[in-house]
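Asker: Heads up: the protein sequence lines correspond to chains A and P, in order. As numbered in UniProt numbering, residues 1 to 468 make up the first sequence, in order. As numbered in UniProt numbering, residues 1 to 468 make up the second sequence, in order. Attaching a single structure in structure tokens format; questions to follow.
There are 2 protein chains.
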Amino acid sequence: MKEKQQNVLIIGAGLCGSLLALRLGQRGYNVSVYEMRPDLRKVDISAGRSINLAFSNRGNKATKLVGLEDKVKSLCIPMTGRMIHDAHGNTFQSNYSGRDYEYINSISRGELNALLLDEAEKHKNVNIYFNKKCKSVDFEKTTALFKDHNTKDEFVEDADIIIATDGAGSAMRKSYYLGKKFLFSFSQDYLTHGYKELSILPKENGDYKTYKNALHIWPRGNLMLIALPNLDGSFTVTLFLSYDEGKYNFNNLTTDNRVLEFFQEAFPDALALMPNLVNDFFENPTAPLGTIKCSPWHYKGNTLLMGDAAHAIVPFYGQGMNASFEDVVEFDKVLDQNLGDWEAIFKTYENTRKKDTDAIADLAIDNFHEMKGHVNQVIFQEKRKLEMALEKEFPNDYSSKYSLVTFKEDIGYREAMLRGRAQDKAILNMLSDKKIDINGNLKDILYKVKQETEAILEDDRIAGLYQR
Amino acid sequence: MKEKQQNVLIIGAGLCGSLLALRLGQRGYNVSVYEMRPDLRKVDISAGRSINLAFSNRGNKATKLVGLEDKVKSLCIPMTGRMIHDAHGNTFQSNYSGRDYEYINSISRGELNALLLDEAEKHKNVNIYFNKKCKSVDFEKTTALFKDHNTKDEFVEDADIIIATDGAGSAMRKSYYLGKKFLFSFSQDYLTHGYKELSILPKENGDYKTYKNALHIWPRGNLMLIALPNLDGSFTVTLFLSYDEGKYNFNNLTTDNRVLEFFQEAFPDALALMPNLVNDFFENPTAPLGTIKCSPWHYKGNTLLMGDAAHAIVPFYGQGMNASFEDVVEFDKVLDQNLGDWEAIFKTYENTRKKDTDAIADLAIDNFHEMKGHVNQVIFQEKRKLEMALEKEFPNDYSSKYSLVTFKEDIGYREAMLRGRAQDKAILNMLSDKKIDINGNLKDILYKVKQETEAILEDDRIAGLYQR
């Protein structure tokens with residue numbers, strides 16, 4: 001299989017598709033990318049508001065791979081921890097790690113996407129076409145049907161392989177599902193909560209209205225508000241709220257007064273920063289929070305799903321983009337194995353990758369519960385404090401679940417999940433049983449946590465819990 | 001809401017639909033049932049072979065509820081345990097319970113369904129229509145579109161409520177999914193294995209060719225054969241095998257010789273009882289093993305999914321029909337609460353029931369791994385032996401996971417799963433750590449198992465594992 005002779009069709013030029021196009025372009029493939037939206041470098045398609053994302057170590061592996069680490073870094077705003085706003089307006093910061101050099105970043109989706117498109121198009125073997133919406137994929141013939149947004153014409157493209165990076169609503173995944181040509185396992189799971197994006201605008205002088213270098217959280221048990229900084233001095237704020245349960249919910253917040261009353265009651269300090277709240281609230285859509293898993297991702301050696309098209313997750317671990325970028329890194333590693341044919345490549349990629357994307361999907365849901373509720377509970381706060389101290393005192397010997405997932409980019413999500421959950425369980429139980437104590441000797445505590453974590457993992461292994 | 005004035009439309013006259021029709025008929029509703037197949041009492045639709053199912057305590061709650069306990073019992077063949085056939089042709093029996101009065105039954109799907117249809121039709125307020133296939137449901141208008149198999153005419157029926165009991169391929173569930181009128185969580189998960197039904201015919205004198213009162217299993221690690229007795233002296237045999245992995249799989253068993261060679265190698269003692277093997281093998285279809293979960297089951301107070309339409313499971317716990325029958329019992333209990341409107345009834349039913357049907361789906365997959373693999377492992381065999389002894393010695397104080405699921409019909413599947421898994425983990429770990437011993441004092445062992453089980457449940461509770 002000579003790489004240069006292969007025609008690769010990529011559906012979707014979002015973050016994953018444009019990164020993949022760049023990487024495959026660098027490797028010498030003939031790459032054609034079809035994107036349903038207009039070119040975001042020319043048309044403002046985000047309705048005037050920059051939407052930001054969390055960018056961390058796993059995503060950074062990919063930007064390193066394609067040689068864009070420094071350029072991407074210049075788009076990043078470091079967030080060293082969570083700034084928690086309690087119901088009384090008090091704030092306290094909870095760092096993401098006890099190691100100073102570990103933090104996450106806020107980055108603009110649009111800016112990053114534009115950078116990747118620019119870099120991909122520098123390769124003459126990469127061509128990107130906008131306003132071409134994929135309607136369906138014939139995975140047996142390796143062809144895709146598109147509709148041109150402007151001319152309304154439909155046309156078919158074929159290729160040696162098709163990779164769909166067309167996001168959570170993937171047209172190719174729909175073709176897998178509706179085609180019924182093979183057994184396609186599939187799930188879409190919605191939380192009872194939806195989300196809505198709001199904003200905290202900059203001060204008149206362009207400064208940030210609240211502390212810049214943190215991910216702000218207003219946890220309120222069954223609902224939550226968060227805010228991430230943008231380079232222009234604003235924050236993108238996201239409200240997570242039930243559709244139909246509780247005193248205030250998306251279905252019953254129908255008037256200006258009710259929205260203001262709700263924020264006054266739940267988030268008075270945030271409301272003070274958001275004179276534009278009511279406008280934002282009624283102009284911006286309410287969107288669902290869904291998890292998508294499926295299998296197989298590939299059909300023979302013809303077609304492959306990647307990124308959100310294969311595994312969409314809820315945003316609570318800040319890992320959505322990072323997981324999709326890591327997909328490209330893992331796929332690139334499989335290409336390096338020179339397996340000889342696309343079916344072997346796709347199969348190997350899915351076999352090594354799927355367990356990890358399943359894990360981050362589950363972890364993201366765990367974190368939904370942790371962020372809106374647990375961060376307020378004493379035992380979880382004690383655990384967090386202890387873990388910060390352990391990471392600070394023993395930087396090479398301890399990493400919390402959050403650190404394993406976010407900063408230990410050399411282990412997979414599944415390993416991070418299993419070890420991280422066992423550690424959490426060990427610490428919570430030893431705190432509860434008074435076997436360790438927040439003021440105890442740290443070396444002693446580290447030893448006990450490690451012992452207990454291993455015991456928990458071993459007990460689960462004996463009970464056969466990791467066999468599948 | 002006067003029960004007698006309510007028109008209930010049921011889609012599907014399988015086991016769940018005909019039981020539900022009977023019960024709602026008994027309660028006085030006007031019930032119309034539409035079934036896509038012909039009347040199985042008049043037309044032989046099972047291609048000449050009776051297919052049997054496992055019937056146990058939870059199913060029996062439903063037959064008691066409708067007053068058919070004795071009639072159903074006359075269709076049952078008790079199976080007191082698993083008869084395990086090892087690779088050398090040795091057999092040993094492993095009872096389902098240490099209590100003699102706890103066993104499961106083999107029952108003919110067709111005979112049971114016919115009985116339920118007969119009983120339902122005795123009520124003049126119940127009408128059953130055959131050869132009417134549901135194409136879709138308009139859940140906003142509470143109408144269903146049908147096609148008559150004979151005349152090919154399409155027609156619309158409306159009702160006060162529609163309950164779909166149309167099985168794993170439910171047309172109404174498809175309407176929920178495709179309608180996109182509300183957030184519909186849905187999953188279909190296939191195992192890598194499929195199944196094929198085969199048979200052991202009676203001896204010429206009508207006797208059974210092997211022991212009648214057991215569920216026969218030939219576990220072979222990654223594949224398995226099972227057999228359940230029929231009243232006519234035959235056994236229905238089911239082969240569970242990977243589609244495409246291992247030396248022998250469904251995709252490569254394409255010739256008479258290969259099938260015979262496979263059985264000669266894997267199941268020589270079964271082969272000796274199956275001179276008709278090759279015929280059966282190539283005449284009968286290979287079918288997938290899927291799990292279906294979804295939510296919500298109901299749309300407002302208009303429509304409701306029940307039975308396999310709401311929660312199809314793999315057959316390895318013998319609970320598919322039992323779970324669907326228990327649905328009817330639970331629904332009946334909610335009707336007794338006189339909640340006043342259908343939306344409240346449907347919501348209450350789903351809230352109380354879904355956690356349990358989710359649990360039996362997961363348990364059934366656990367048992368797939370246990371049946372084909374674990375039953376051959378020493379530590380699992382020791383656990384089983386110990387649990388039999390505990391159940392025998394302390395009949396009121398101990399129940400294995402299997403017994404909790406199968407025979408303790410007064411607790412829900414979820415409680416059975418949580419307690420059963422914790423017990424399994426406790427026993428396996430204590431055996432492994434030599435804290436208990438198969439020859440130890442039973443009273444002592446019971447005490448330790450209970451202590452350890454409680455500790456495991458408590459540790460999980462503290463770690464927040466049961467909150468969601």
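The beta-carbon is built from N, C-alpha and C at its ideal position, and this holds for glycine as well.
Cβ closer than 9 Å: which chain A residues qualify as neighbours of residue 428 (chain P)?
Answerer: Correct list: 459, 462, 463 and 464.
Asker: Examine chain A for any beta-carbon lying closer than 7 Å to the beta-carbon of residue 186 (chain P), and answer yes or no.
Answerer: For residue 186 (chain P), the answer is yes, since a Cβ of chain A falls inside 7 Å of its Cβ.
Asker: Going straight from the alpha carbon of residue 244 (chain P) to that of residue 194 (chain P), what length do you get?
Answerer: Rounded to whole angstroms, residue 244 (chain P) to residue 194 (chain P) spans 10 Å at the Cα level.
Asker: What distance in whole Å lies between the Cβ atoms of residue 124 (chain P) and residue 146 (chain P), which are believed to be in contact at a cut-off of 8 Å?
Answerer: 22 Å between Cβ atoms; not a contact.
Asker: Mind listing the chain P neighbours of residue 432 (chain A)? Cutoff is C-beta to C-beta under 8 Å, in chain order.
Answerer: What residue 432 (chain A) touches in chain P: 462.
Asker: With 7 Å as the limit, tell me which residues of the segment 7 to 39 of chain A have their beta carbon closer than that to any beta carbon of chain P; keep them in chain order.
Answerer: Answer set for the segment 7 to 39 of chain A: empty.
Asker: For the segment 377 to 395 of chain P against the segment 331 to 346 of chain P, do three or more pairs of beta-carbon atoms, one drawn from each stretch, fall closer than 8 Å, so that the two count as touching?
Answerer: The answer is no - the segment 331 to 346 of chain P does not touch the segment 377 to 395 of chain P, with fewer than three Cβ pairs under 8 Å.
Asker: Could you spell out the range, first to last residue, of the beta strand (DSSP E) harbouring residue 319 (chain A)?
Answerer: Note, residue 319 (chain A): premise wrong, no beta strand (DSSP E); not H, not E.
Asker: With three or more C-beta pairs closer than 8 Å as the rule, is the segment 309 to 316 of chain P touching the segment 347 to 365 of chain P?
Answerer: Short answer: they touch.
Asker: Spatial neighbours of residue 250 (chain A) within its chain, please: C-beta separation below 8 Å, excluding the five flanking residues on both sides.
Answerer: Once the five neighbours on either side are set aside, the close Cβ partners of residue 250 (chain A) are 194, 196, 241, 242, 243, 244 and 286.
Asker: Please state whether the Cβ-Cβ distance between residue 83 (chain A) and residue 211 (chain A) is less than 7 Å.
Answerer: Contact flag set, yes.
Asker: Does DSSP put residue 93 (chain P) in a helix, a strand or coil?
Answerer: Correct three-state label for residue 93 (chain P): strand.
Asker: Going by beta carbon distance, what residues of the same chain come within less than 6 Å of residue 267 (chain A), once the five residues before and after it are set aside?
Answerer: Answer for residue 267 (chain A): 218 and 225, listed in chain order.
Asker: For residue 183 (chain A), return the contacting residues in chain P, with the cut-off set at a CB-CB distance below 7 Å.
Answerer: In chain order: 190 and 288.
Asker: Which chain P residues sit within Cβ distance under 9 Å of residue 424 (chain A)?
Answerer: By Cβ distance, chain P contributes 463 and 464.
Asker: Pick helix, strand or coil for residue 294 (chain P), following the three-state DSSP scheme.
Answerer: It is a strand residue.
Asker: Using the Cα positions of residue 222 (chain P) and residue 270 (chain P), report the straight-line distance between them to the nearest angstrom.
Answerer: Distance between the alpha carbons of residue 222 (chain P) and residue 270 (chain P) is about 17 Å.
Asker: Taking only beta-carbon positions, decide if residue 310 (chain A) is within less than 7 Å of chain P.
Answerer: Output row for residue 310 (chain A): interface = no.
Asker: Are there 16 or more other CB atoms within 10 angstroms of the CB of residue 171 (chain P), so buried, or fewer, so exposed?
Answerer: The residue in question, residue 171 (chain P), is buried, as its Cβ has 16 or more Cβ neighbours within 10 Å.
Asker: Helix, strand or coil for residue 413 (chain A) per DSSP?
Answerer: Residue state, collapsed to three classes: helix.
Asker: Keeping to the same chain, check which residues put their C-beta closer than 8 Å to that of residue 48 (chain P); ignore five residues upstream and five downstream.
Answerer: Any reading at residue 48 (chain P) needs caution, since the residue's pLDDT is 43, under 50, leaving its predicted position unreliable; the model's value is listed next. Around residue 48 (chain P): no qualifying Cβ.
Asker: At the level of alpha carbons, what is the spacing between residue 107 (chain A) and residue 191 (chain A)?
Answerer: The alpha-carbon atoms of residue 107 (chain A) and residue 191 (chain A) are separated by roughly 25 Å.
Asker: Measure the Cβ-Cβ separation of residue 166 (chain P) and residue 292 (chain P) and say whether it is below 7 Å.
Answerer: Going by C-beta atoms, residue 166 (chain P) is not nearer than 7 Å to residue 292 (chain P).
Asker: Measure the C-alpha to C-alpha separation of residue 451 (chain P) and residue 433 (chain A) and round it to an integer number of angstroms.
Answerer: The straight-line gap from Cα to Cα measures roughly 16 Å.
Asker: Which residues mark the beginning and the end of the beta strand (DSSP E) in which residue 135 (chain A) is found?
Answerer: Looking at the DSSP string, the run of the beta strand (DSSP E) that includes residue 135 (chain A) is 132 to 138.
Asker: With 16 other CB atoms within 10 Å as the buried threshold, where does residue 26 (chain A) fall?
Answerer: Burial call: buried.
Asker: Could you check whether residue 427 (chain A) and residue 405 (chain A) sit closer than 7 Å to each other, using their CB atoms as the reference points?
Answerer: In this structure, residue 427 (chain A) does not lie closer than 7 Å to residue 405 (chain A) by Cβ.
Asker: Grab me the residues of residue 189 (chain A)'s own chain with a C-beta within less than 6 Å of its C-beta, minus the 5 sequence neighbours each way, in chain order.
Answerer: The answer, listed in chain order, is 291.
Asker: Can you check whether the CB of residue 109 (chain P) is closer than 7 Å to the CB of residue 53 (chain P)?
Answerer: Yes; because the gap between Cβ atoms is below 7 Å, this pair is in contact.
Asker: For residue 259 (chain A), does the count of other Cβ atoms within 10 angstroms reach 16, so buried, or fall short, so exposed?
Answerer: Buried, because 16 or more other Cβ atoms sit within 10 Å of the Cβ of residue 259 (chain A).
Asker: Residue ranges of each alpha helix (DSSP H) run of no fewer than 4 residues wholly in the segment 4 to 81 of chain P, ordered along the chain?
Answerer: If we require 4 residues or more, the alpha helix (DSSP H) runs fully inside the segment 4 to 81 of chain P come out as 15 to 26, 57 to 65 and 69 to 73.
Asker: If you follow the alpha helix (DSSP H) that residue 264 (chain P) is part of, which residue opens it and which one closes it?
Answerer: Looking at the DSSP string, the run of the alpha helix (DSSP H) that includes residue 264 (chain P) is 256 to 266.
Asker: Can you list the alpha helix (DSSP H) stretches of 4 or more residues lying completely in the segment 303 to 366 of chain A, in chain order?
Answerer: Those alpha helix (DSSP H) runs which fall completely within the segment 303 to 366 of chain A and span 4+ residues are 320 to 336.
Asker: Does the segment 138 to 152 of chain P come close enough to the segment 151 to 159 of chain A to have 3 or more Cβ pairs within less than 8 Å?
Answerer: Because the criterion of three Cβ pairs below 8 Å is not met, the segment 138 to 152 of chain P and the segment 151 to 159 of chain A do not touch.
Asker: Please name the residue in A:421, A:61 and A:141 whose C-alpha comes closest to that of residue 327 (chain A).
Answerer: Per the Cα distances, A:61.
Asker: Below 8 Å, how does it come out for the segment 90 to 104 of chain P and the segment 393 to 404 of chain P: are there three or more Cβ pairs, yes or no?
Answerer: Cβ pair count under 8 Å is three or more, so yes.
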